[in-house]
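The next block holds one structure in the form of structure tokens; read it before the comments.
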Amino acid sequence: MLNRKTRKMLGVEAEQGERLEDLLPRLIDERGQSGAADYLDVSKATLGYWLLKLGISIARIAVAPGDTVTIIKK
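Basically this note's numbering = 1-based index in the sequence shown + 20.
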């Protein structure tokens, strides 16, 4: 995986002390995509490119009151 990451990606990982594969989903859940990009001091386009490059997908769903959603990691 290291050969697929840019110097900027590796720099952000070193700065944050966490792999982007773990960091990005958490940040996007907490702050949204724009907020995550601002927090990491990268453009929204760069963040989108990183998501594509790392195979991270973002899905939005509507949940009715009383319904629940379960995420199963493989």
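No residue lacks a Cβ here, since even glycine has one placed at the ideal position from N, Cα and C.
query, result
"Three-way DSSP call (helix, strand, coil) for Thr66 in this model", "helix"
"Within the stretch 25-83, ranges of the beta strand (DSSP E) (whole runs, at least 3 residues)", "none"
"Environment of Leu72 [buried if 16+ CB atoms lie within 10 Å]", "exposed"
"Nonlocal neighbours in the same chain, by C-beta distance under 8 Å from Lys28, ignoring five residues either side", "Val62, Thr66"
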